Each structure stands twice: as structure tokens, then as C-alpha cells.
Amino acid sequence: MGRSGNGEGKPASRKQKKLMDFDFSEDQIELSNLAKTIFSDLSTSDRVAEVERTDQRFDKNLWEALADAGLLGITIPESYGGLGLGMVELSLVLQQQGRKVAPVPLFATSILGSWAIAKYGKSAQKEHWLQEVCSGNQILTGAWAPQKNSTKLITENDGNGWRITGEKLAVPACNLSSAVLVPITIDGNQRIAIISLDKKGLQKKIVETTNLELQGNLSFDAVELTEEDLLDEKGEIVFQEASQRAKIGICALILGCCEEALTMTAQHVSEREQFGRPLSTNQGVALQAADAHIDIDGIRVTQLQAAWQLDEGFECSKAVSSAKWWASEAGQRVVVTTQHLHGGTGADTTHPIHRYFLWVIQLADTLDGAGKSLNTLGKLIAKEALNKTS
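In C-alpha cells:
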């Protein structure tokens with residue numbers, strides 16, 4: 183994706199160099215198809231409903247299948263058992279997860295947890311965690327969402343290391359994870375700590391969220407940390423990239439949810455008849471479905487643009503904010519429409535359409551909703567304009 187030239191290994195002419203190839207590569211297509219097959223085969227509506235009734239809300243069989251296929255280490259280097267790919271490839275897999283609202287912590291482990299260790303961790307940290315993540319034996323998460331002052335973590339030096347006190351709320355997959363990555367402040371500098379969830383002084387309260395996912399409220403009471411628990415890189419750099427990756431990943435999940443919700447709706451209005459004809463023959467129904475299709479295209483284009491820019495090392499702050507606005511704003515429009523077009527069926531929780539509504543409503547406000555994303559984008563554009571005129 184995003185390569186210039188004629189696609190045949192020949193040097194591009196001067197005219198051709200101005201063109202971009204927006205097609206996915208064969209490897210990307212194969213990866214997406216592999217993920218689609220696994221999620222479609224193992225995460226059926228009946229299976230998701232079954233997992234929702236369990237204590238952990240975790241499909242272990244699906245997780246093991248993803249591990250066997252190598253899909254738990256997409257952005258982890260090959261030397262540690264991963265595939266060594268980028269955010270575009272991970273987005274394609276998350277999109278397929280969204281299409282089946284599959285109850286596995288792929289987002290938490292791959293984006294909130296393992297990528298930061300793979301890119302910025304110490305050698306010992308990489309050796310300890312990454313192969314275990316790829317094999318599916320260890321699940322990681324991260325508490326990257328900014329906190330209000332009332333719950334901000336306080337770090338104190340005790341002479342041998344540090345002790346942290348405070349709270350982190352709504353941390354995904356806490357009930358399944360072995361460790362959580364947490365931004366902390368040491369001597370005025372931001373650092374990122376890998377904190378085992380069985381550390382003394384750390385308590386977790388598991389809570390149920392809008393889409394029936396289990397998350398955790400973490401309470402830190404003088405939890406001990408040493409230099410061995412900290413990533414090497416400056417925390418500001420890691421935190422910025424973590425936020426960007428997380429928002430891009432959320433957009434990919436929303437995209438998959440919206441695509442499948444519209445597919446299900448198209449089937450429903452084509453088969454459901456009122457007054458002797460299918461619902462789809464009504465102009466009002468067709469126009470709403472068409473608007474949803476346009477919204478989904480907007481989500482797709484902006485999400486992939488942000489992922490590609492991040493992979494290529496471009497400054498992608500504007501692209502990420504744009505993608506998150508599209509996913510949050512348009513995503514909610516899509517699932518409200520698809521829920522509405524299902525009529526009374528949409529109110530029946532034995533029908534799967536409601537899950538897409540719940541997933542998107544929750545994801546839309548995770549790590550900045552539409553309003554905050556648009557505000558951030560406006561500030562970035564204004565700052566860029568001022569820099570050009572100064």
C-alpha cells in the first residue's frame with residue numbers, strides 16, 4: 183500500500199513517480215483473508231453469545247487459533263516470534279475482529295501492551311514478554327488514557343527505586359492480563375513502566391462496560407518499581423505514539439463493526455417485507471443505507487491514511503485526529519441507522535445487530551470522542567497556519 187511505480191519491479195518513469203498505488207499488497211490481502219477466515223469460522227453469533235455468558239468474557243479457543251496463525255505478534259519483530267509488520271497490517275486484522283465483535287483482547291495486547299515493549303523495551307523485557315505474547319501464553323494491556331488530577335499517579339523515590347500511588351480507571355482486559363503499561367512521572371520526566379498485576383499494593387476492581395466487555399479500575403498503594411520495570415525511551419515519545427496507535431486501532435474496530443452492521447442491514451431490508459414488498463424498495467430506507475455506506479467509506483479512507491502515515495514515519499497527528507473524528511461521528515450515525523432499519527428486530531437482544539451498536543457507541547468515546555478530536559484537529563491546523571505566517 184502506498185508504493186509508487188508500475189508494480190512490476192521496473193523503474194518508474196518521471197510521470198509515474200507522481201502516482202501512488204493505493205492497492206493492498208498480496209501479503210496484506212492474504213493476511214486480511216486469513217483473519218477473516220479465523221474470525222468468521224470461530225466467532226459466530228452463537229459463539230459470541232455463549233462467551234458473553236461466561237465469567238471472563240474471553241474466547242480462549244479463538245485466542246489460541248490467532249496465536250497459531252501468528253496474528254498475535256503482527257508488529258512484534260520476527261526475532262521474537264512475530265511477523266514484523268506495521269500498523270496497516272494490524273488494522274486489517276482489527277477490522278476483521280470488529281466485523282465479528284469477537285471477544286478477545288487483541289487490541290489491548292497488540293496496541294496497548296506489546297508494541298511499546300517491542301519498540302522501546304530493554305532487551306531483558308523483550309526476552310521476557312514478546313515470545314510469550316506471540317504464543318498466546320501472556321496477555322498485556324496498557325493504561326494510556328489521561329487521568330483527572332483526582333486519580334493521577336504520584337511517584338515517590340524511596341532510595342532503592344520508586345513507589346507509585348493513585349488510580350487508573352477503565353483499563354481493558356485487566357481480568358486477563360499479566361501486566362499493564364503505565365505512564366508515570368519521575369523527577370519531572372515522563373517514563374513508561376511495565377507493572378505486573380500481581381504486584382504488592384496493586385488492587386483491581388473488574389467492571390462491566392457498555393458492550394459487556396470487562397475492564398479494570400486499578401488502585402496503586404505504594405507499589406514498588408525499579409529501573410528494570412521502566413522502558414528505555416523517554417516517556418513523552420512513547421506516550422504520543424501509544425495514543426496515536428490506540429486511536430488508529432479503535433478506528434479499525436469501528437470500521438469493521440460498521441461494515442458488518444450495514445451488510446446485515448442490507449440483508450434484512452431485502453428479505454423483510456411490508457405491504458407486499460421488501461423494505462429495501464422504500465426510498466427512505468435506500469437513502470439511509472446509502473448515507474451509511476458513504477460514512478463507512480470516509481471512516482475507511484481516513485483510518486488507513488493515518489495507519490499508513492504512522493508506518494512511514496510521517497507526522498500523523500492531523501491524520502489521526504481526522505480518522506478518530508470520522509470513526510466517532512460517522513460510526514455512531516451508521517450503527518444508529520442500522521439499528522433503526524432493523525425495526526423491532528433491533529430491540530431483540532437474541533439478534534446480533536445490537537452488539538455492533540454497543541461496540542461502536544463505547545469505542546466512539548474511547549480516547550477522545552468526536553468533539554475532542556475535532557477540537558484537536560482545529561488546533562493543529564491553526565498552529566500549522568501560524569507557523570507558516572511567522
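Residue numbers (the working numbering): 183 to 572. A virtual CB, placed ideally from N, CA and C, is assigned to each residue, including glycine. Owing to the predicted nature of the structure, the values given are computational and were not obtained by experimental measurement.
Can you have a look at residue i and say buried or exposed, based on whether 16 or more other CB atoms are within 10 angstroms of its CB?
i      : result
Gln514 : buried
Asp479 : exposed
Lys200 : With a pLDDT of 49 at Lys200, under the threshold of 50, the predicted position of this residue should be treated as unreliable, though the coordinate-derived value follows. Its Cβ having fewer than 16 others within 10 Å, Lys200 is exposed.
Lys416 : exposed
Ala505 : buried
Lys197 : With a pLDDT of 46 at Lys197, under the threshold of 50, the modelled position of that residue is not reliable, and the figure given next carries that caveat. So Lys197 ends up on the exposed side.
Glu441 : buried
Phe496 : exposed
Arg459 : exposed
Thr219 : exposed
Arg185 : Confidence at Arg185 is low in this model, with a pLDDT of 45, below 50, so its placement is unreliable and the value that follows should be read with caution. Exposed, since its Cβ has fewer than 16 Cβ neighbours within 10 Å.
Lys561 : exposed
Asp205 : exposed
Gly466 : exposed
Gly422 : Reading off the sequence shown, one finds Gln at residue 422, where the question assumed Gly. Classification of Gln422: exposed, given that the 10 Å Cβ count is below 16.
Leu568 : exposed
Less than 6 Å between C-beta atoms, sequence neighbours within five positions excluded: which residues of the same chain meet that for residue i?
i      : result
Lys192 : Below a pLDDT of 50, predicted positions are generally treated as unreliable, and Lys192, at 48, falls in that range; no measurement from the model is reported.
Leu335 : Ile346, Gly348, Ile366
Thr558 : Ser503
Asp241 : Val233, Pro285, Val286
Ile256 : Leu265, Leu267, Glu271, Leu272
Glu566 : none
Pro354 : Ala290, Thr323, Gln397
Rounded to a whole number of angstroms, what is the C-alpha to C-alpha distance between residue i and residue j?
i      : j      : result
Thr347 : Lys382 : 12 Å
Ala434 : Ser222 : 17 Å
Gly318 : Leu556 : 37 Å
Ala489 : Gln544 : 21 Å
Asp380 : Thr531 : 36 Å
Ser225 : Thr447 : 19 Å
Ala375 : Ile368 : 11 Å
Ser305 : Leu384 : 26 Å
His475 : Leu523 : 14 Å
Helix, strand or coil for residue i, going by three-state DSSP, please let me know.
i      : result
Ala512 : helix
Ala443 : helix
Val517 : helix
Leu351 : strand
Lys334 : coil
Glu232 : helix
Gly295 : helix
Arg454 : coil
Trp311 : helix
Ala325 : coil
Pro285 : coil
Thr367 : strand
Phe402 : strand
Lys304 : coil
Glu246 : helix
Leu384 : strand
Glu271 : helix
Asn342 : coil
Leu540 : helix
Ser503 : helix
Please determine, among the options, the residue with the shortest C-alpha to C-alpha distance to residue i.
i      : options                        : result
Val542 : Val362, Gly303, Ser261, Val517 : Val517
Ala352 : Gln397, Gly466, Arg373         : Gln397
Tyr262 : Ile293, Lys282, Ala249, Trp311 : Trp311
Pro534 : Glu406, Ile374, Leu288, His450 : His450
Ser401 : Ile377, Ala512, Asn393         : Ile377
Ala361 : Gly341, Val315, Ser503, Asn371 : Val315
Leu394 : Gly553, Ala217, Leu540, Ala552 : Leu540
Val405 : Phe421, Ser452, Asn339         : Asn339
Ala251 : Ala217, Ala529, Gly526, Lys570 : Ala217
Taking 9 Å as the CB-CB limit, is residue i close to chain E?
i      : result
Leu444 : Given the protein chain composition of this structure (a single chain), no chain E is represented.
Excluding the 5 residues preceding and the 5 following residue i in the sequence, name in chain order all residues of the same chain whose CB lies nearer than 8 Å to its CB.
i      : result
Gln426 : Ala488, Leu492, Cys498, Ser499, Val502
Gln238 : Asn357, Leu358, Leu396
Using a Cβ-Cβ cut-off of 7 Å (strictly less than) and excluding sequence neighbours within five positions of residue i, which residues of its own chain qualify?
i      : result
Ser227 : Pro534
Gly551 : Ser510
Val420 : Ala298, Tyr302, Ile374, Leu413
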